[in-house]
Amino acid sequence: VGIKPKVITFPSYCLAAAAKNSGITDNETFAIVDIGSYLASVSVSNRGVPCFSRKFESQLISFIESAADKMDISFDDAEKALFTFEAMSSVNTNSDSDNNEEILELVRDYAENLSTDILVSLASYESKHPDERIDHVFITGRGASVVALSEKLRETTALPVESLKCSP
Numbered sequence: 022v023g024i025k026p027k028v029i030t031f032p033s034y035c036l037a038a039a040a041k042n043s044g045i046t047d048n049e050t051f052a053i054v055d056i057g058s059y060l061a062s063v064s065v066s067n068r069g070v071p072c073f074s075r076k077f078e079s080q081l082i083s084f085i086e087s088a089a090d091k092m093d094i095s096f097d098d099a100e101k102a103l104f105t106f107e108a109m110s111s112v113n114t115n116s117d118s119d120n121n122e123e124i125l126e127l128v129r130d131y132a133e134n135l136s137t138d139i140l141v142s143l144a145s146y147e148s149k150h151p152d153e154r155i156d157h158v159f160i161t162g163r164g165a166s167v168v169a170l171s172e173k174l175r176e177t178t179a180l181p182v183e184s185l186k187c188s189p
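My numbering applies: residue 22 is where the sequence shown begins, and numbers increase by one.
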């Protein structure tokens, strides 16, 4: 029909095969957290079979817009700064160190709020499956690049958390 797509999205439970290629054994239960611009989803797979899914707002765009306003830079520059620790520490915010601390606090707050939603999803799964424990968490999507997020998830869940690498 002449359409040339630039982005193709699909539910996070479709990524179960990619997670299995990341060293997950057949007996493990794992979660895939897909963080998009507007929505995030958690999908839990048990023995390679997707068995739980939940969606909620990611508020990623609002987070980037707030950071751009605080740093007095463009949306694109704020996105680059927030998604790489090195860029975050070297961005020219045209302000003093108090503003830099506000930006770091904004990042921490976003990671805290999102990790709370993720933890609620994981707890919901485990409450319905008391004999099963989630062994591993994979994060993917646009928001997975927020450095503080994987650190906060590790701290909140006490589980191994890593970015899901998908081979073409």
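Using N, Cα and C, we set each Cβ at its ideal position, and we do this for glycine too.
A quick note: this is a predicted structure, and the numbers were derived from the prediction, not measured.
Candidates K149, F84 and D47, of which the one nearest V70 by Cα: One-based indexing of the sequence shown puts residue 70 at position 49. The shortest Cα separation from V70 among K149, F84 and D47 belongs to D47.
Endpoints, beta strand (DSSP E) assigned at A52: If you number the sequence shown from 1, residue 52 lands on position 31. Segment T50 to I56, the beta strand (DSSP E) holding A52.
Cβ contact check for the segment 161 to 172 and the segment 142 to 150: 3 or more pairs under 8 Å: Because the criterion of three Cβ pairs below 8 Å is not met, the segment 161 to 172 and the segment 142 to 150 do not touch.
Given 8 Å, three or more beta-carbon pairs between the segment 172 to 182 and the segment 63 to 79: Result no; under three Cβ-Cβ pairs closer than 8 Å.
Burial state of F73, where buried means 16 or more other Cβ atoms lie within 10 Å: The residue you call residue 73 lines up with position 52 of the sequence shown. Answer is buried; the Cβ neighbour count reaches 16.
Residue interval of the alpha helix (DSSP H) (run including E153): Within the sequence shown, residue 153 is the residue found at index 132, counting from 1. Where E153 is concerned, there is no enclosing alpha helix (DSSP H), given that its DSSP letter is neither H nor E.
Three-state secondary structure (DSSP) of S111: One-based indexing of the sequence shown puts residue 111 at position 90. Note on S111: pLDDT 46, under 50, position unreliable in the model; the coordinate value appears next. Looking at S111 - three-state DSSP - the assignment turns out to be helix.
Nearest neighbour of S58, chosen from P26, T50, S184 and E78 [CA to CA]: Reading the sequence shown from its first residue, position 37 is the one you call residue 58. Minimum Cα distance to S58 is reached at E78.
Helix, strand or coil at S95 [DSSP, three-state]: Taking the sequence shown and counting its residues from 1, the one referred to as residue 95 is at position 74. DSSP places S95 in coil when its eight states are reduced to three.
Secondary structure of I45, DSSP reduced to three states: Translated into the one-based positions of the sequence shown, residue 45 becomes position 24. In the three-state reduction of the DSSP assignment, I45 falls in the coil class, being assigned neither a helical nor a strand state.
Contacts around F84, its chain only, beta-carbon distance under 6 Å, and the 5 residues preceding and following it disregarded: For the purposes of this step, residue 84 is identified with residue 63 of the sequence shown, where counting begins at 1. Cβ within range, chain order: Y131.
Cβ-based neighbour list, R154, same chain, cut-off 8 Å, excluding 5 preceding and 5 following: Stepping through the sequence shown from its first residue, residue 154 is reached at position 133. Around R154: T50 and E147.
Cβ separation of E122 and K91, assumed to be a contact under 8 Å, to the nearest whole Å: For the purposes of this step, residue 122 is taken as residue 101 along the sequence shown, with counting starting at 1. For the purposes of this step, residue 91 is taken as residue 70 along the sequence shown, with counting starting at 1. Contact flag wrong, Cβ pair sits at about 11 Å.
Nonlocal neighbours in the same chain, by C-beta distance under 7 Å from I139, ignoring five residues either side: Start at 1 with the first residue of the sequence shown, and residue 139 comes out as number 118. V54, V63 and L174, listed in sequence order.
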